[in-house]
Amino acid sequence: MKNILRWTIPGLAFLFASCDSLFQYNPNEETLLDREKDLTAKNIARISQLPVADTTRFILMGDTQRWYDECEDFVKSANQQKNISFVLHAGDISDFGLTQEFKWVNEIMLRLKYPYVTVIGNHDIVANGSATYRKMFGPLNYTFAFGRDRFIFINTNSREYAFDGSVPDIGWLKAQLADNPEQKNTIVVAHVPPFDADFDKELEKPYTEALAGDPTVKFSLYGHQHRFHDGEIYDDGVHYYLTTSMGARGYMVVSTWKGGYKVERVEF
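Numbering-wise, the UniProt record's numbering puts 29 at position 29 of the sequence shown, and it's gapless, one number per residue.
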């Protein structure tokens, strides 16, 4: 027995020491390959090289979370759409904010024919999710323009910041709305809509008034509630659209042109 113990204990020590280099013990590890970093900037650069037509068509989808098979089916369906320029992911890329979840979804989304850009969701902030998001995609708030449209992506996940008045950043939003010398159509994209319980109620009115006060804002896009929903919620001229989750197997196709737009629901 003493001989067995003498050999077993060192053997176990060697085994665990060896395993340390083989296995990742920390699920919050933020290790990314170079090709997995700064995806927002890389995809915006791709979008900027696309030809501009009279009508721009793009896809709004979101809430991939744990629905990897359904996300693969989404990619197949999206690739069959005609004249799509890019895809907007409305957040909740991950379920638990784990780096591996972001990587899995990105691997699936890379099969799209089109570049894709994202906005951060409430599940993406869990654990070290926001740090991973910044490394993998980029800033939580950002803008880009394509054709006649200007897109403002803003973090609206107020609950994850304890409703402390910082999210969404109303000052930043107003500055972006004001910075539109060409008067492009402005489309605000976020995860949590302002009429949701996870949106800071103290900021709901300032947020919606900022959108309604800008004549270039005709509609705004969201995910989060895992359902299709739309309406002029505040009777102020701004139409709010929510796309459903990958689990519910749906997305929206948005078309914009000078003086108008159309939003279509797609189930796959």
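No residue lacks a Cβ here, since even glycine has one placed at the ideal position from N, Cα and C.
Pairing GLY121 with GLY165 gives a Cβ-Cβ distance that is not under 9 Å. Put simply, of ASN106, ALA190, LEU221 and VAL117 the residue whose alpha carbon is nearest the alpha carbon of ILE44 is VAL117. Under DSSP, ARG57 takes part in a beta bridge, and its partners are SER255. Boundaries of the alpha helix (DSSP H) harbouring LEU203: 201-212, taken from the DSSP string. Between THR186 and ILE152, the gap from beta carbon to beta carbon is short of 9 Å. Taking a C-beta distance under 9 Å as the contact criterion, PRO193 and THR40 do not qualify as a contact pair. Membership of TYR241 in the beta strand (DSSP E) is indicated by the continuous run 239-242. Only residues of its own chain outside the window of five on either side were considered, and among them HIS239, TYR240, TYR241, LEU242 and VAL263 have a CB closer than 8 Å to the CB of ASP230, listed in chain order. Shown here for TYR133: same chain residues with a beta carbon closer than 6 Å to its own, the five before and five after excluded, namely ILE120 and ASP124 in chain order. Apart from the 5 residues on each side of it in sequence, ASN180 sits with its Cβ closer than 7 Å to the Cβ of ARG150, THR186 and THR216 in its chain, given in chain order.
Contact between the stretch 249-258 and the stretch 153-173 is not established, with fewer than three Cβ pairs separated by less than 8 Å.
SER94 sits in coil when the DSSP states are folded into three classes, being neither helix nor strand. The Cβ neighbour count for VAL52, taken over all protein chains shown within 10 Å, is under 16; the residue is labelled exposed. The bridge partners DSSP lists for HIS229 are LEU242.
In chain order, ASP73, PHE74, LYS76, SER77, ARG249, GLY250 and TYR251 place their CB closer than 8 Å to the CB of PHE268, counting only its own chain and leaving out the 5 sequence neighbours on each side. In the three-state reduction of the DSSP assignment, TYR142 falls in the strand class, which pools E and B. Annotated three-state conformation of HIS191 is coil, per DSSP.
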